[in-house]
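Protein chains: 2
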Amino acid sequence: MIRRLAVIGVGLIGGSLARALREAGEVEEVVGCGRGRENLEKALELGVIDRYSHDVGEAVAGADMVFVGVPLGAMKGVFAAMRGHLAEDAVVTDGGSAKGSVVRDAAEAFGGLPAYFVPGHPIAGTERNGVEASFATLYRNRRVILTPLPETDPEAVARVRAMWEACGAEVTEMSVEHHDEVLAATSHLPHMLAFGLVDALARMKENDEIFRYAAGGFRDFTRIASSNPVMWRDICIANAEALSRMLSAFADEMKDLADTIARGDGDHLLEIFERAKAARDRYIDGLG
Amino acid sequence: MIRRLAVIGVGLIGGSLARALREAGEVEEVVGCGRGRENLEKALELGVIDRYSHDVGEAVAGADMVFVGVPLGAMKGVFAAMRGHLAEDAVVTDGGSAKGSVVRDAAEAFGGLPAYFVPGHPIAGTERNGVEASFATLYRNRRVILTPLPETDPEAVARVRAMWEACGAEVTEMSVEHHDEVLAATSHLPHMLAFGLVDALARMKENDEIFRYAAGGFRDFTRIASSNPVMWRDICIANAEALSRMLSAFADEMKDLADTIARGDGDHLLEIFERAKAARDRYIDGLG
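Taken in order, these protein sequences are the chains called A and B. Per my numbering, residue 478 is the first one in the first sequence, and the count goes up by one each step. Per my numbering, residue 478 is the first one in the second sequence, and the count goes up by one each step.
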């Protein structure tokens, strides 16, 4: 049971966490924090939070659990603002979708990595933003990755794990580096391809006509290109190393595929497409 | 009104055309043709066709409208098999998703491009195949592109246009070359990226784990990688020129994007993502 949860950044991710914990009866009080008054008033009105402050230090005072749900580019400032204001028994965790940069930011802001900080990443979300888009079941049956470090207190990890499990999520642990590799492959790289493709088409002559003939597959394929540009800029910069390496390797493979097509090597094409279809079908079966 | 429609290849595309024309009361008799007895019996049972033959020459005899809905790799053989068996007033059209190769196949099979042949492409489909997947409303409000040539009889074009309009489709005309460019950009290229991405991930170490952490965006992005591998091999070979050129250019752009990420050039990233999001949002608004 969490006595007081401070949610820094009451958007889709932080708001849904608060709603889920309330619904599970696992939190007594929720304090919101953010810059926009309107969003926080809305959060109050919706019953997502009990009160709020625009000041991070004030918001975390007395909280035994602090969740930081702000864009990656704002993490460091938030950590620095809470330094010296945390309760004795406070645990701090976050929802950032790259972990290496958050760990670096925390170490710099706190002057060394605190034992009570547990880096985390719930693999969930929609294209919508803000507290109005939040809902209590967002994390149900979704995965949450925690990336504790040698410095991290196992008791803090256990409390963060229990929090996410109370929301219905499945929690796993892995290293920071492995997390950033896996996410580069499964999320960041696909987003780059979708943004890149839509941008390439938008820059073509007669692009209106081109979009007009796009079929259903294109719509699905490019849905993620409607995601928040600022958030994705931050993710690219936060996970630059793994992502740029993977994107560059993928570009080489696409060059090879273009050659295979130009050569008309049907056997090789069939091999690639069959392997991909089998993997995709296994993936979907795995989702049950 | 079509007196007798011959559908060569009674699958999703051909079957849906027959169903739509029947429902519109625009066809008197439908003759199916294909290699698989089971699928044709099913088509009979479902009332999609009135009778069938495994012989193309027999199936087209007396038909005033012939629709060829077979994979691109089978087009030439079908055209060759109907030569000398077509009725005086027959119009032949097809549903192939690349047009340059179909036009070449027709010219070779018929010994010159016949005035009664109207190359066509309905921009519609699902991941499912076979006559059981067909339905009468597949073409409603969807686009059909016709690519008539200087040799094509305008009267034949008008009859094919009327047929598709009776199915609720919006018909437009463009050149063969332009069609193949537009489709390379909006359909063939996205499919290559989806197949390529899933294949790249499947070849990674610990690929089971990688797929396990893939989120909803990945599912949508890669849905088209579950498409028929043989069909896509045929499409790549049929549209090799435009597709390999576009894929190669896109790979170059992804190399540049990887460099931009590695350099940490946030302003440039934001510019790309904002342009893409705006174009994607305009596209979705346009679908209205």
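Just so it is clear, CB atoms sit at the ideal spot from N, CA and C, and this is done for glycine as well.
ask   = Between V648 of chain B and the rest of its own chain, which residues show a CB-CB distance below 7 Å, the 5 nearest in sequence each way excluded?
value = V621, L623, R638, W641 and E642
query = Roughly how far, in whole angstroms, is the beta-carbon of L678 of chain A from the beta-carbon of F688 of chain A, given that I think they are within contact range, below 8 Å?
reply = 7 Å
request  = Answer yes or no: do F672 of chain B and I701 of chain B have a C-beta to C-beta separation smaller than 9 Å?
outcome  = yes
request  = Could you give the DSSP three-state label for A567 of chain A: helix, strand or coil?
outcome  = coil
query = According to a CB-to-CB cut-off of less than 9 Å, which residues of the region 619-633 of chain B neighbour chain A?
reply = R619, R620 and I622
request  = Return helix, strand or coil for L623 of chain B, following the three-state DSSP convention.
outcome  = strand
request  = Taking I600 of chain A as the query, report the chain B residues whose CB atoms sit under 7 Å from its CB, ordered along the chain.
outcome  = Y690 and A692
inquiry  = Taking 9 Å as the threshold (C-beta atoms), are R757 of chain B and G434 of chain B in contact?
reply    = Residue 434 of chain B lies beyond the stretch modelled for chain B, which goes from 478 to 765, so this question has no answer here.
ask   = For chain A, is any of its Cβ atoms less than 9 Å away from the one on R706 of chain B?
value = First, the amino acid is wrong: residue 706 of chain B is Pro here, not Arg. Output row for P706 of chain B: interface = yes.
task = With DSSP as the reference, label T699 of chain A as helix, strand or coil.
result = helix
key: Buried/exposed call for G763 of chain B, threshold 16 Cβ in 10 Å   = exposed
key: Selected residue, minimal CA-CA separation from E654 of chain B, among B:A646, B:L489 and B:S578   = B:S578
query = From the beta carbon of D527 of chain A, is the nearest beta carbon of chain B less than 9 Å away?
reply = no
ask   = Using a Cβ-Cβ distance under 9 Å, would W709 of chain A count as near chain B?
value = yes
inquiry  = Under DSSP, the beta strand (DSSP E) around T614 of chain B begins and ends at which residues?
reply    = Counting along the chain, T614 of chain B falls outside any beta strand (DSSP E), and DSSP gives it neither H nor E.
inquiry  = By the 7 Å beta-carbon criterion, what residues does the region 721-736 of chain B contribute toward chain A?
reply    = S721, L724, S725, F727, A728, E730, M731, K732, L734 and A735
ask   = Between I490 of chain A and chain B, is there a C-beta pair that is closer than 9 Å?
value = no
inquiry  = With a threshold of 9 Å between beta carbons, is M552 of chain A in contact with chain B?
reply    = no
message = Looking at M559 of chain A: is its Cβ nearer than 9 Å to the Cβ of I485 of chain A?
response = yes
message = I need the straight-line Cα distance from L724 of chain A to K732 of chain B, nearest angstrom please.
response = 7 Å
inquiry  = DSSP has G534 of chain A in a bridge; who is on the other side?
reply    = For G534 of chain A, which the question treats as bridged, DSSP gives no partner whatsoever.
task = Go ahead and pull the three-state DSSP assignment for V580 of chain A.
result = helix
Residue of A:K576, A:E650, A:G554 and A:I600 minimising C-alpha distance to E585 of chain A = A:G554
request  = Mind checking who T649 of chain B pairs with in its DSSP beta bridge?
outcome  = B:I622
task = Would you kindly check if the distance between the Cβ of V608 of chain B and the Cβ of T570 of chain B is under 9 Å?
result = no
request  = Return no unless some Cβ of chain A is closer than 9 Å to the Cβ of H531 of chain B.
outcome  = no
ask   = Hey, is the region 590-598 of chain A in contact with the region 627-636 of chain A, meaning 3+ C-beta pairs nearer than 8 Å?
value = yes
Spatial distance of F612 of chain B from H665 of chain B (CA atoms) = 24 Å
query = When DSSP builds the beta bridges, which residues end up paired with R636 of chain A?
reply = Answer is none; R636 of chain A lacks a bridge partner.
query = Straight-line CA distance for E505 of chain B to I526 of chain B?
reply = 11 Å
task = Report all residues from its chain with a CB closer than 6 Å to the CB of L482 of chain B; omit the five preceding and five following residues, and keep chain order.
result = V504, V507 and M542
ask   = How would you call G492 of chain A, buried or exposed, if buried means at least 16 neighbouring beta carbons within 10 angstroms?
value = buried
ask   = Under the DSSP definition of a beta bridge, which residues are partnered with F749 of chain A?
value = Checking the displayed sequence, the identity of residue 749 of chain A turns out to be Ile instead of Phe. For I749 of chain A, which the question treats as bridged, DSSP gives no partner whatsoever.
request  = Starting from M708 of chain A, follow the alpha helix (DSSP H) in both directions and report where the run begins and ends.
outcome  = P706 to A715
ask   = For Y529 of chain A, which of helix, strand or coil comes out of DSSP?
value = strand
inquiry  = Could you check whether the Cβ of R759 of chain B sits closer than 9 Å to any Cβ belonging to chain D?
reply    = Considering every chain present, this structure includes no chain D. Its protein chains are A and B.
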